[in-house]
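Report on the following structure.
Residue numbers (this note's numbering), protein chains in the order written: chain H, 25 to 224; chain A, 13 to 106.
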């Protein structure tokens, strides 16, 4: 929670600096964010590939649960595609690009800003922060009405770190490895899906 | 556009090759880069009067998309949960 607040604070600080022209936008060349993004992705890949112990644990999962990340992706994208018809001025692809953040607000908003501009990037930031908050606060409700897998699906890409404790509390400790596996696959899918939907 | 993903795959392969070594500072570097990039996103939003004046609309739109995404994934999880439990029952009955 503390780290999320710090991340949002940096966004708000930038907002103030930009609004009151303390740092003018031309000073921050567009290339800077692309270089930083590539460095970031390199480091993300490095840390995922390096975590061999986590990768090894995935072989112990019951094969049916391998479908859970697929269910999360398909369910999220369908929901976003359907709702886009109610949003004037928002295309199906833009709505699905925002949904493809799966709660990973930092990475998805950065990617979408790079590809589609700051407006859709801000929508992605807010939307995916809201998704994480809902996953944290509404977990007991999701278990009650949608079964024990629902808090994991709703948690999206955050189920290997921030929302893991909540999931273990309300779905049960036996879902620990499934939850980490789900978060791992969703983490990887965020940059890929966001890039695909932004390229249309 | 796919260049960032290329960097991730390259990092993943390198990380796997170096799996015997503990890369301690990586998560710190990731955090700092995320701070920097979100600060830049803030700068762009703050300097754009159109986005600032439409912030309420943007917020409502974000909420609507989130509700759709969350409901969609919850329903998909429910369907998978039922499917898994049915299969389990069949398995015991056999």
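Just so it is clear, CB atoms sit at the ideal spot from N, CA and C, and this is done for glycine as well.
{"Asked": "Please name the residue, chosen from 113/H, 136/H and 59/H, that lies closest to residue 124/H on a Cα-to-Cα basis.", "Found": "136/H"}
{"Asked": "Of all the options 117/H, 86/H and 171/H, which has the alpha carbon lying nearest to the alpha carbon of residue 77/A?", "Found": "117/H"}
{"Asked": "Residue 172/H versus chain A: which residues are under 7 Å apart at the beta carbon?", "Found": "93"}
{"Asked": "Going by C-alpha to C-alpha distance, which of 217/H, 196/H and 138/H sits closest to residue 164/H?", "Found": "196/H"}
{"Asked": "Does the beta-carbon of residue 148/H have 16 or more other beta-carbons within 10 angstroms, so that it is buried, or is it exposed?", "Found": "buried"}
{"Asked": "Closest to residue 45/H by C-alpha separation, out of 88/A, 52/A, 72/A and 93/A, would be which residue?", "Found": "52/A"}
{"Asked": "Per the contact definition of three or more C-beta pairs closer than 8 Å, is the stretch 199-212 of chain H in contact with the stretch 29-38 of chain H?", "Found": "no"}
{"Asked": "Return the residues of the stretch 69-86 of chain A that lie within a Cβ-Cβ distance of less than 9 Å from chain H, sorted by chain order.", "Found": "70, 71, 73, 74, 75, 76, 77, 78, 79, 80, 81, 82, 83, 84, 85 and 86"}
{"Asked": "What is the residue span of the alpha helix (DSSP H) that residue 77/H lies within?", "Found": "76-81"}
{"Asked": "Can you pull the chain A residues whose beta carbon is under 7 Å from the beta carbon of residue 119/H, in chain order?", "Found": "77"}
{"Asked": "Can you tell me which of the three DSSP states residue 113/H falls into?", "Found": "coil"}
{"Asked": "Sorted by chain position, which residues of the same chain lie with C-beta nearer than 6 Å to residue 182/H's C-beta, five sequence neighbours on each side aside?", "Found": "127 and 156"}
{"Asked": "Under 8 Å between C-beta atoms, does residue 65/A make it to chain H?", "Found": "no"}
{"Asked": "Could you tell me whether the Cβ of residue 60/A comes closer than 8 Å to any Cβ of chain H?", "Found": "yes"}
{"Asked": "Out of 121/H, 93/H, 194/H and 78/H, point me to the one whose CA is closest to residue 215/H's CA.", "Found": "121/H"}
{"Asked": "By Cβ distance below 6 Å, which residues in the same chain neighbour residue 133/H in space, the five residues on each side in sequence not counted?", "Found": "145, 148 and 149"}
{"Asked": "Just to confirm, are residue 24/A and residue 72/H a CB contact at a threshold of 8 Å?", "Found": "yes"}
{"Asked": "Considering residue 193/H, what are the terminal residues of the alpha helix (DSSP H) in which it resides?", "Found": "188-194"}
{"Asked": "Examine chain H for any beta-carbon lying closer than 8 Å to the beta-carbon of residue 31/A, and answer yes or no.", "Found": "yes"}
{"Asked": "Under 8 Å, do residue 89/A and residue 104/H count as touching if we go by C-beta distance?", "Found": "no"}
{"Asked": "Measure the CB-CB distance between residue 35/A and residue 130/H and report whether it falls below 8 Å.", "Found": "no"}
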